[in-house]
Amino acid sequence: MIIKIFNKRVLLNKVDAKLGSKAICLLDYLLKYRGHFVSTNSLEKSIYPVNSSSKNTSIRFHIFKLRKLIGEELIISHRNYGYKIDI
1 MIIKIFNKRV LLNKVDAKLG SKAICLLDYL LKYRGHFVST NSLEKSIYPV NSSSKNTSIR
61 FHIFKLRKLI GEELIISHRN YGYKIDI
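And the structure:
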């Protein structure tokens, strides 16, 4: 699987993936720390402004969308550690 992120677009195996800006930022952050768990708090800080009233449900929603796109087994979640991408 080849994932390329540029100009706020995601190419997945050379096909333009339809993702919103928050999901793209989330994917980019997970890829930056690929193979390592990233806390939900760190993910929120990476995609939302400091004074945002976002909740964990928003992160879970974007994770759900990413899993549908790239495969459920590639994004691993652990209750105490957060999420990691295994590509």
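Just so it is clear: in the sequence shown, position 41 is 41 by UniProt numbering, and no numbers are missing. No residue lacks a Cβ here, since even glycine has one placed at the ideal position from N, Cα and C.
So, helix, strand or coil for residue i, using DSSP?
i: Arg34; result: coil
i: Leu19; result: coil
i: Tyr29; result: helix
i: Ser46; result: helix
i: Thr87; result: The question names Thr, yet the displayed sequence has Ile at residue 87. Residue state, collapsed to three classes: coil.
Opposite residue i in the DSSP bridges: which residues?
i: His78; result: Gly82
Can you give the Cα-Cα distance for residue i and residue j, rounded to whole angstroms?
i: Arg9; j: Arg79; result: 30 angstroms
i: Ile87; j: His36; result: 11 angstroms
i: Arg34; j: Arg67; result: 15 angstroms
i: Phe61; j: Asn41; result: 15 angstroms
Using 10 angstroms around the beta-carbon of residue i, count the other beta-carbons present and answer buried if the total reaches 16, otherwise exposed.
i: Val38; result: buried
i: Gly82; result: buried
i: Leu43; result: buried
i: Leu19; result: buried
Is the region 70 to 83 in contact with the region 18 to 25, if contact means three or more CB pairs nearer than 8 angstroms? These segments do not touch.
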